[in-house]
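Below is one structure; the comments refer to it alone.
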Amino acid sequence: PTLNVTVSDECLNIFQSLKLHKMYKYILYKFSEDKKYFVIDKAVETTESDEDDGTSYKESYEKFYAEITGKNVPYFAIYDFDYEKLGEGLRNKIIFISWIPTNADIQDKVLSAASKQVLGTKLDVSFQIEGTEANDIKFEAAFTSMWVLAILIHEKKTSSEVL
């Protein structure tokens with residue numbers, strides 16, 4: 001596999017709809033049949049009914065998690081991640097998830113590993129989670145990563161204020 005994989009305009013347009021207008025909860029990306037482009041596999045719309053029917057942000061993530069970990073194929077995803085920070089209320093972060101399962105086809109793994117940066121760079125999402133085992137991308141892992149990032153940002157701000 002070569003690094004000649006490009007990102008389709010549709011991928012960028014749907015991502016902008018998620019980022020700017022919160023139209024989607026998550027987007028799944030895959031390779032085109034000829035392996036030359038990233039294309040949209042699925043874009044799940046954001047619905048207010050998630051909260052209306054009692055579906056929590058954790059349950060929404062767990063549905064997404066079950067969908068991508070249920071197959072032994074690599075996926076790239078953008079997820080509009082909601083989480084609650086104790087004492088500070090609901091937070092939101094857009095995350096880029098690279099799922100390259102250990103049991104995936106070797107050629108798919110090599111192509112995915114070699115080209116994930118192409119998609120990540122085009123989408124320009126600062127927070128990324130990578131997984132090869134299902135536990136790597138569970139809700140708890142994503143939340144913990146978010147919490148650690150918040151601490152690091154806080155420490156950086158605090159240390160720069162001291163200077």
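Using UniProt numbering, you'd call the opening residue of the sequence shown number 1 and step up by one each time. Don't be surprised by glycine CBs; every beta carbon is placed ideally from N, CA and C.
- Query: Can you give the Cα-Cα distance for residue 73 and residue 56, rounded to whole angstroms?
  - Reply: 27 Å
- Collapsed DSSP secondary structure at residue 120 in the structure displayed: helix
- Message: Assess contact between the stretch 124-133 and the stretch 92-99, defined as three or more Cβ pairs (one per stretch) separated by less than 8 Å. Is contact present?
- Response: yes
- Message: Can you look up residue 36 in the DSSP assignment and give me helix, strand or coil?
- Response: coil
- Task: Taking all protein chains shown into account, decide if residue 142 is buried (16 or more other Cβ within 10 angstroms of its Cβ) or exposed.
- Result: Its Cβ being crowded by 16 or more others within 10 Å, residue 142 is buried.
- Item | Per DSSP, cross-strand counterpart(s) of residue 89 | Per DSSP, the beta-bridge partners of residue 89 are 85.
- Item | Reduced DSSP category for residue 144 - H, G, I as helix; E, B as strand; rest coil | helix
- Task: Mind reading off the beta-carbon distance from residue 26 to residue 108? Whole number of angstroms is fine, and I expect it under 8 Å.
- Result: Residue 26 to residue 108, Cβ: 21 Å. No contact.
- Can you list, in chain order, the residues of its chain whose CB lies under 8 Å from that of residue 10, leaving out five sequence neighbours each side? 39, 40
- Rounded straight-line distance, which links the Cα of residue 64 to that of residue 49: Any reading at residue 49 must be qualified, since the residue scores a pLDDT of 42, below 50, and its modelled position is unreliable; no value is offered.
- Task: Sort out for me which residues DSSP pairs residue 43 with in a bridge.
- Result: 27
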